[in-house]
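Student:
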Amino acid sequence: MDYSELERQIALASGLNKRDYTFTTWDELEKAIADGLETLNNEASQQEVNEEIKTIETAVLNLVKLDYSVLELALAEASEIIDNNKVQYDFWLRMNSAVEEGKIALISGNQEKMDQVAEELDALLKEYAEKGTIVPESSVIVNTKEVEVPPSDDF
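Going by our numbering, the first residue of the sequence shown is number 2, and it counts up by one from there.
So, in structure tokens, the structure goes:
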């Protein structure tokens, strides 16, 4: 049996970075690598070896690369706003929540989730661009360095 091409395909596939691809497609590649290693360790016909080679090649071709760029840019802009600007408290809560959700999405391996959160952040950034830092005086204003609350006779 000639295992050299199977060994080469396993080595190439094993050298890829899991973080760069969606979890679903990465799982398929890991399964193909495991099956290929099992074929290497057991007696197999050349046809079985060739099938494993093809399976690994297909799994590599089917990998879907994650695109972090849109979400990373939106997170940077949103973080800058909530860290350095006075904004209405309800807006700050929505923006901060979306930023936290974005951080989770970055490690999720789920492109759809990253795109969804990026869209949410983009909508909030547009809202901020339209309204700016102008807030009614009676609103609670949030700034990470201080919290201003209007005077009240309730105390």
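For glycine and all other residues, C-beta sits at the position ideal for the given N, C-alpha and C.
Because the structure is a prediction, the values reported are computed rather than measured.
#1: I want to know whether the region 36-45 touches the region 80-93 - three or more CB-CB distances under 8 Å.
#2: Please state whether the Cβ-Cβ distance between L107 and E78 is less than 9 Å.
#3: If you reduce the DSSP assignment to three classes, tell me which class K87 lands in.
#4: Would the region 96-105 count as touching the region 51-65 if we require 3 or more Cβ pairs under 8 Å?
#5: Let me know the secondary structure DSSP gives F156 once reduced to three states.
#6: Note down, in chain order, each residue of its chain lying with its Cβ closer than 7 Å to the Cβ of K19, except the 5 sequence neighbours on either side.
#7: Near Q10, which residues of its chain fall below 6 Å by C-beta distance, leaving aside the five closest residues on each side in sequence?
#8: Where Y124 and Y69 are concerned, what is the direct C-alpha to C-alpha distance, given to the nearest angstrom?
#9: Using a Cβ-Cβ cutoff of less than 7 Å, which residues in the same chain neighbour E29 once the five nearest sequence positions on both sides are dropped?
#10: Would you decide whether E121 is buried or exposed? Buried here means 16 or more other CB atoms lie within 10 Å of its CB.
#11: Can you check which of these residues, T23, M96, Y22, A33, is closest to A119 by C-alpha distance?
#12: If we require 4 or more residues per run, which alpha helix (DSSP H) segments fall completely within the region 24-85?
#13: Where E6 and E52 are concerned, what is the direct C-alpha to C-alpha distance, given to the nearest angstrom?
#14: So, with DSSP's three-state summary, where would you put Y129?
#15: Going by the CB atoms, is the gap between L67 and G110 shorter than 9 Å?
Tutor: Inspection of the coordinates gives the following:
#1: By the Cβ criterion, the region 36-45 is not in contact with the region 80-93, since fewer than three pairs of Cβ atoms, one from each stretch, lie closer than 8 Å.
#2: Position 106 of the sequence shown holds residue 107. Position 77 of the sequence shown holds residue 78. Not closer than 9 Å, so no.
#3: Start at 1 with the first residue of the sequence shown, and residue 87 comes out as number 86. Here K87 sits in coil by DSSP.
#4: no
#5: Locating residue 156 in the sequence shown gives position 155, counting from the first residue. Annotation note: pLDDT 44 at F156 (below 50); position unreliable, coordinate value reported separately. Three-state result, F156: coil.
#6: The residue given as residue 19 occupies position 18 in the sequence shown. The answer, listed in chain order, is W27.
#7: Locating residue 10 in the sequence shown gives position 9, counting from the first residue. Hits under 6 Å: I54, I57.
#8: As a first step, residue 124 must be located in the sequence shown, where it is residue number 123. As a first step, residue 69 must be located in the sequence shown, where it is residue number 68. With the sequence shown as reference, residue 124 is identified as Ala, and Tyr is not the correct amino acid for it. So the two alpha carbons sit approximately 18 Å from each other.
#9: Stepping through the sequence shown from its first residue, residue 29 is reached at position 28. Once the five neighbours on either side are set aside, the close Cβ partners of E29 are A60, N63.
#10: Reading the sequence shown from its first residue, position 120 is the one you call residue 121. It is buried - the Cβ of E121 has at least 16 other Cβ atoms within 10 Å.
#11: On the sequence shown, position 118 is the one that residue 119 refers to. Taking only the C-alpha atoms, the option nearest A119 is M96.
#12: Taking only runs of at least 4 residues, the alpha helix (DSSP H) segments lying wholly in the region 24-85 are 24-42, 47-62, 70-85.
#13: Along the sequence shown, one-based indexing puts residue 6 at 5. Along the sequence shown, one-based indexing puts residue 52 at 51. Looking at the two C-alpha atoms, the distance is approximately 11 Å.
#14: To locate residue 129, count along the sequence shown from 1; it is residue 128. Helix, per DSSP.
#15: Walking along the sequence shown from the start, residue 110 turns up at place 109. Walking along the sequence shown from the start, residue 67 turns up at place 66. Against a cut-off of 9 Å, the Cβ pair of L67 and G110 comes out as a contact.
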